[in-house]
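S.K.:
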Amino acid sequence: QDLAMLITGRILLGCGVGFANQAVPLFLSEIAPTRIRGGLNILFQLNVTIGILFANLVNYGTAKIKGGWGWRLSLGLAGIPALLLTVGALMVVDSPNSLIERGRLEEGKAVLRRIRGTDNIEPEFLELVEASRLAKQVKHPFRNLLQRRNRPQLVIAVALQIFQQCTGINAIMFYAPVLFDTLGFGSDAALYSAVITGAVNVLSTIVSIYSVDKDHSNDLHKGFGIFVVVMVCTFVSAFAWSWGPLGWLIPSETFPLETRSAGQSVTVCVNLLFTFVIAQAFLSMLCHFKFGIFLFFSGWVLLMSIFTLFLIPETKNIPIEEMTERVWKQHWFWKRFMDDEYDGKAVTNGDFAKKNGHANGFDPTSQL
Ligand SMILES: OC[C@H]1O[C@](O)(CO)[C@@H](O)[C@@H]1O
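If you count the sequence shown from 1, you need to add 981 to reach this note's numbering.
1) Say the cut is 7 angstroms; is the CB of G990 nearer than that to a heavy atom of ligand 1?
2) Does the distance from the CB of C1214 to the CB of T1178 come in under 8 angstroms?
3) Report the three-state DSSP secondary structure of F1314 (helix, strand or coil).
4) Where does L1024 fall in DSSP's three states?
5) Using beta-carbon positions only, say whether A1157 and T1186 come within less than 8 angstroms of one another.
6) I need the DSSP call for P1006, collapsed to helix, strand or coil.
7) Answer with buried or exposed for T1099, where buried requires no fewer than 16 other C-beta atoms within 10 angstroms of its C-beta.
8) Should V1039 and F1025 be called a contact, given that it needs their Cβ atoms to be closer than 8 angstroms?
9) If I measure Cβ to Cβ from I1081 and keep anything under 7 angstroms in the same chain, skipping five residues before and after, which residues do I get?
10) Mind checking whether the beta-carbon of T1256 lies closer than 7 angstroms to any heavy atom of ligand 1?
11) Suppose contacts are defined by Cβ-Cβ distances below 8 angstroms. Is L1141 in contact with I1023 by that definition?
12) Assign Q1245 to one of two classes, buried (16 or more other C-beta atoms within 10 Å of its C-beta) or exposed (fewer than that).
13) Using 10 angstroms around the beta-carbon of T1240, count the other beta-carbons present and answer buried if the total reaches 16, otherwise exposed.
14) Just mark N1002 as buried or exposed, buried being the case when its beta carbon has 16 or more other beta carbons within 10 Å.
15) Looking at C-alpha atoms only, which residue of L1064, P1237, A1091, N1037 is the closest neighbour of P1077?
16) Distance check for R1124 and F1000, CA to CA, integer angstroms please.
17) In its own chain, which residues sit with a C-beta less than 6 angstroms from the C-beta of M1319, not counting the 5 before and 5 after it?
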């Protein structure tokens, strides 16, 4: 009789996760010095994996509770991270970008000084002021995102999110207990396996090396099941040092300032939409296709590998503001979207280089 309440609770939880997924990477990229923006982004994914591991551990523990109320505790305990996030959100500073955009320039400057740990922040401050001036001029951020010259970043960001989910990672994350149950493990061992995959996920996100787990229950007849667990762990660890963090990192590194916020919304939205689709479709697909479901995901992995090989350029060590000239204009495919048009108007090469030389069209060194 509590179904409505359960569903309402899940909807509210979904809203919380959606808002956090949008706000946290953006906040991180706003306060991060450019040099370590990538690293901070991976911390976001690392925390996602730690959260999953914790949830697996809690479920492992609560499943042992006699009396049938363990699941209530399991759902209720989700309130703890939510509380921490709420309290944490009250304590973090406003980002300099946000303060500047609301006209609180001096406060923005003070925060910038604090988070950079130096008084030498004038060039960055001026760049932020100019960026916020230009951002205010963009009346329709989403329409701007759809302009031809932003096509490569948009297509790559959307494709990466779809691909990340079509690796089938959440089929494993959400349904590991069911999966291991069907392999002949008891429900307890199934949860135990889920905990292992959660841990492998965390470790592989931290370091790109295999970690060997000692198994406690090496019965011979479980040999095949254990083999599958090892394969699943290999898959999870491969995901955790590739599609997991890079799915978030690449969009945040390639969108120019003027489209980064709108781009991030689209990125999160597509990611969660496909998380939902896979979660909804997986069980019935498993019933219909049986082992074929894994061939389905393998097909996707092949497709996304080909896409990566041909359509994702190397952006390492290239400042975001030089991306147009050094990456997109040189790329065999994406260069066709880089015609010398800006906002629908043809511009001279000099103007174009200036606008594209700096993502926000502003050269901070001109103020020095
Ligand atoms: O580590 C696995 C987790 O990473 C994500 O792909 C992206 O954050 C989630 O959808 C998934 O549950």
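Every residue gets a Cβ at the ideal spot worked out from N, C-alpha and C, and that includes glycine.
M.R.: In this structure, then:
1) no
2) yes
3) coil
4) helix
5) no
6) helix
7) exposed
8) It is not a contact, given that the beta carbons lie outside the stated cut-off.
9) G1089, L1109, V1110, S1113
10) If you check the C-beta of T1256 against ligand 1, you find a heavy atom less than 7 angstroms away.
11) no
12) buried
13) By the 10 Å Cβ count, T1240 comes out buried.
14) buried
15) When each option's Cα is compared against that of P1077, the closest is A1091.
16) 22 angstroms
17) Within the same chain, M1319 has close Cβ partners W1309, K1310.
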